[in-house]
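Trainee: If you read the sequences in order, they're chains A and B. So that you can map any letter, position 212 of the first sequence is 212 in the working numbering, and since no number is skipped, the others follow by simple counting. In the working numbering, each number is its position in the second sequence, counted from 1, plus 217.
Number of protein chains: 2
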Amino acid sequence: MKKILIVDDDAELRSTLTEILGEAGYRIDKAASGREALDKIHSADFDIILLDLMMPGMNGMEVLSEVRKTRPRIKVIIITAFATVNNAVDAIKKGASDYISKPFKIEELLAIVRRVIEEARFENGIRKLDLENTLNSLSNPIRRDILQLLHIRHEMRLMEITRKLDIEDHTKVVFHLKLLKESGIIKQNKEKSYFLTKEGEKMIELLKFLDSYLSAH
Amino acid sequence: MKKILIVDDDAELRSTLTEILGEAGYRIDKAASGREALDKIHSADFDIILLDLMMPGMNGMEVLSEVRKTRPRIKVIIITAFATVNNAVDAIKKGASDYISKPFKIEELLAIVRRVIEEARFENGIRKLDLENTLNSLSNPIRRDILQLLHIRHEMRLMEITRKLDIEDHTKVVFHLKLLKESGIIKQNKEKSYFLTKEGEKMIELLKFLDSYLSAH
DNA sequence: CTCGACTGTGAAATTTAATTCACAAATCTC
DNA sequence: GAGATTTGTGAATTAAATTTCACAGTCGAG
């Protein structure tokens, strides 16, 4: 389960939050000051920080910028008094994910935490380059055809592919082959035959999956 | 399992082929002439036809063109004597999938049949339009972002999305929303809020799958 | 060696996708 | 209901993807 750090100088609020979030199944740690928070952040690995902006000593904003700088994957949710919502908005501009103003309902808090976690799932999970690359390769019908051909025939040379796809201008095929090669999806052996790499086989599996997925109404 | 029709005037070859392919798990039917073959083709539903070109009466070529015309999904594999390979090549130009010349090795035959089946899987299976549509929608990062936002937030209005994505010109967002709407991936309610359709939720699942798939090394 | 088929490059042209801009109707806010 | 905000359209522009074309080196067969 996700690990949450609660940062607030108010001991009572800390234990309230600990109780609520603990019951919801999160692993909780607490810090009573900005200083203590940063120590914990640098020694352990949190997913979310619940951060009070108004604290004596190092204030929340400083903690926020430090976290953004050194642990950009950690999501920060600001806790703020109703009267100082504006500060929270500033905090969001500096990279906080959301804020919650005191007093708050339990459900409201949990909803925000859940949403931020979901958000993090995407941001941290997808290595954009690969996804981008994959989708670009698959989005062109000629490239898909080439992949399928190479899957079926194991290896083919330029003109074989060109004829099989019934394309007049072979340099058109060259163009797509080059893109696929650059993406590491296909390779070429000494005999000039093109064949699928391991990545390429994955693309085929993906296509099959997509197919069956889309067919399932 | 796939259903294969064997068309050959040579009774011995018919039973040899039946034995080999039957053992390999295919469902087999036989025809001794072109006429008989067409009757069977029009009454039952085959995946593959093994067709001898040289037969008395209606010859294989005629059967081939008839099949191409009325049952374009059926794959035809030509059986030909070694001496008449040229005819087989002509047949392939007319739409046959492959040929095998007598005498042949069992493994050779099975390999060709398997390959042709695999080929058919793709050609018949993927409804290109949906695939096209899906991949186009997912291939743009802004559209992916929008989908993910709508997934997390359930529903959002134009300017909410625009701000959350930190895009200056809202009409840019309008552009992508329109595309997504046309693809049936999102819809809009009376309050102008955009939300994911069932299709849209599928896209999200696909993205998650893609993610984990690509992450798995 | 010479011809024809094969593989490929690079620039130019074309097509398609995406962005920007000027503007306006609808809706909200005070 | 005046002014700001939101939602949207359509044309013009820009950018990106794809196609076409002219050409050239390589390779195998006769």
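Every residue, glycine too, gets a C-beta built ideally from N, C-alpha and C.
Is the number of C-beta pairs between the region 374 to 386 of chain B and the region 148 to 160 of chain A that are closer than 8 Å three or more?
Mentor: They do not touch, by the three-pair rule.
Trainee: With a cut-off of 8 Å, do at least 3 Cβ pairs link the region 218 to 225 of chain B to the region 240 to 256 of chain B?
Mentor: Touching, per the Cβ criterion.
Trainee: Since residue 31 of chain A sits in a beta bridge, which residues does DSSP pair it with?
Mentor: Note: residue 31 of chain A sits in a beta bridge opposite A:7.
Trainee: Taking only three categories from DSSP, how would you classify residue 224 of chain A?
Mentor: A question about residue 224 of chain A goes unanswered here, because the residues of chain A that appear run from 1 up to 217.
Trainee: When you compare the CB of residue 492 of chain B with every CB in chain A, is at least one pair closer than 9 Å?
Mentor: Examination of residue 492 of chain B is not possible in this model, given that chain B is present from 218 through 434 alone.
Trainee: Taking the alpha carbon of residue 58 of chain A as the reference point, which residue from A:171, A:32 and A:133 has its own alpha carbon closest?
Mentor: Minimum Cα distance to residue 58 of chain A is reached at A:32.
Trainee: Whole angstroms is fine: what's the gap from residue 267 of chain B's alpha carbon to residue 293 of chain B's?
Mentor: Between residue 267 of chain B and residue 293 of chain B, the C-alpha separation is close to 6 Å.
Trainee: So what does DSSP say about residue 298 of chain B, is it helix, strand or coil?
Mentor: Looking at residue 298 of chain B - three-state DSSP - the assignment turns out to be strand.
Trainee: If you run the structure through DSSP and keep just helix, strand and coil, what is residue 195 of chain A?
Mentor: Note: residue 195 of chain A maps to strand in three-state DSSP.
Trainee: Give a yes or no on whether 9 Å exceeds the smallest Cβ distance from residue 152 of chain A to chain B.
Mentor: Closer than 9 Å: yes.
Trainee: Starting from the Cα of residue 144 of chain A, find the closest Cα among A:112, A:200 and A:114 and give me that residue.
Mentor: That would be A:200, whose Cα lies nearest to the Cα of residue 144 of chain A.
Trainee: One question on the structure: do residue 419 of chain B and residue 411 of chain B come within less than 9 Å of each other, judged by their Cβ atoms?
Mentor: For residue 419 of chain B and residue 411 of chain B, no; Cβs fall outside 9 Å.
Trainee: Run through chain A and tell me which residues come within less than 7 Å of residue 356 of chain B, C-beta to C-beta.
Mentor: Neighbours of residue 356 of chain B on chain A, chain order: 135, 136 and 139.
Trainee: Quick check on the DSSP output: the alpha helix (DSSP H) that includes residue 354 of chain B runs from which residue to which?
Mentor: 345 to 355 is the span of the alpha helix (DSSP H), which, as asked, contains residue 354 of chain B.
Trainee: Can you tell me the Cβ-Cβ gap for residue 78 of chain A and residue 99 of chain A, rounded? I've got them flagged as a contact below 8 Å.
Mentor: Indeed, because the Cβ distance is near 4 Å, the residues count as touching under 8 Å.
Trainee: Between residue 159 of chain A and residue 314 of chain B, what straight-line distance do the alpha-carbon atoms span, to the nearest angstrom?
Mentor: Whole-angstrom Cα-Cα distance: 18 Å.
Trainee: Using a C-beta cutoff of 9 Å, does residue 361 of chain B count as contacting chain A?
Mentor: Chain A, which has a Cβ nearer than 9 Å to the Cβ of residue 361 of chain B, makes this yes.
Trainee: Count the other CB atoms, across all protein chains shown, that sit within 10 Å of the CB of residue 354 of chain B; report buried if there are 16 or more and exposed otherwise.
Mentor: Answer is buried; the Cβ neighbour count reaches 16.
Trainee: Can you tell me which of A:209, A:198 and A:1 puts its alpha carbon nearest to the alpha carbon of residue 24 of chain A?
Mentor: Cα-wise, what sits closest to residue 24 of chain A is A:1.
Trainee: Between the alpha carbons of residue 423 of chain B and residue 357 of chain B, how many angstroms are there, rounded?
Mentor: About 15 Å.
Trainee: So is residue 308 of chain B buried or exposed if we call it buried at 16+ other beta carbons inside 10 Å?
Mentor: That one is buried.
Trainee: On the three-state DSSP scale, how would you describe residue 101 of chain A?
Mentor: Reduced to three states, the DSSP call for residue 101 of chain A is strand.
Trainee: Spell out the partners DSSP gives residue 182 of chain A in its beta bridges.
Mentor: Paired residue(s): none; residue 182 of chain A is not in a bridge.
Trainee: Starting from the Cα of residue 44 of chain A, find the closest Cα among A:146, A:65 and A:74 and give me that residue.
Mentor: Among A:146, A:65 and A:74, the Cα nearest to that of residue 44 of chain A belongs to A:74.
Trainee: Helix, strand or coil: how does DSSP classify residue 152 of chain A here?
Mentor: Note: residue 152 of chain A maps to helix in three-state DSSP.
Trainee: Here's the rule I'm using: 16 or more other beta-carbon atoms within 10 Å means buried, otherwise exposed. How should residue 228 of chain B be labelled?
Mentor: So residue 228 of chain B ends up on the exposed side.
Trainee: Which residues share a DSSP beta bridge with residue 292 of chain B?
Mentor: Looking at the DSSP assignment, residue 292 of chain B forms a beta bridge with B:265.
Trainee: So which of A:177, A:101 and A:209 has the shortest CA-CA distance to residue 197 of chain A?
Mentor: Taking only the C-alpha atoms, the option nearest residue 197 of chain A is A:177.
Trainee: Specify, as a first and last residue, the run of the alpha helix (DSSP H) that residue 68 of chain A falls within.
Mentor: Run containing residue 68 of chain A: 60 to 70, per the alpha helix (DSSP H) assignment.
Trainee: Under 7 Å between beta-carbons, which chain B residues line up against residue 13 of chain A? List them in chain order, please.
Mentor: Chain B residues near residue 13 of chain A: none, gap ~27 Å exceeds 7 Å.
Trainee: My understanding is that residue 89 of chain A touches residue 48 of chain A, with C-beta atoms under 8 Å, so please give their C-beta distance in whole angstroms.
Mentor: With 8 Å as the limit, residue 89 of chain A and residue 48 of chain A do not qualify as a contact, their Cβ atoms being about 19 Å apart.
Trainee: Who are the Cβ neighbours of residue 272 of chain B in its own chain at under 8 Å, not counting the five residues just before and after it?
Mentor: Closer than 8 Å at Cβ, skipping near neighbours: 224, 225, 226, 250 and 251.
Trainee: So for residue 190 of chain A, helix, strand or coil by DSSP?
Mentor: DSSP places residue 190 of chain A in coil when its eight states are reduced to three.
Trainee: Give the single residue among B:389, B:311, B:327 and B:408 whose Cα lies nearest to the Cα of residue 285 of chain B.
Mentor: Of B:389, B:311, B:327 and B:408, the residue nearest in Cα terms is B:311.
Trainee: Going along chain B, which residues have a C-beta under 9 Å from residue 115 of chain A?
Mentor: Neighbours of residue 115 of chain A on chain B, chain order: 369 and 370.
Trainee: Of all the options A:181, A:180, A:170 and A:102, which has the alpha carbon lying nearest to the alpha carbon of residue 17 of chain A?
Mentor: Selected option, being the one with the closest Cα: A:102.
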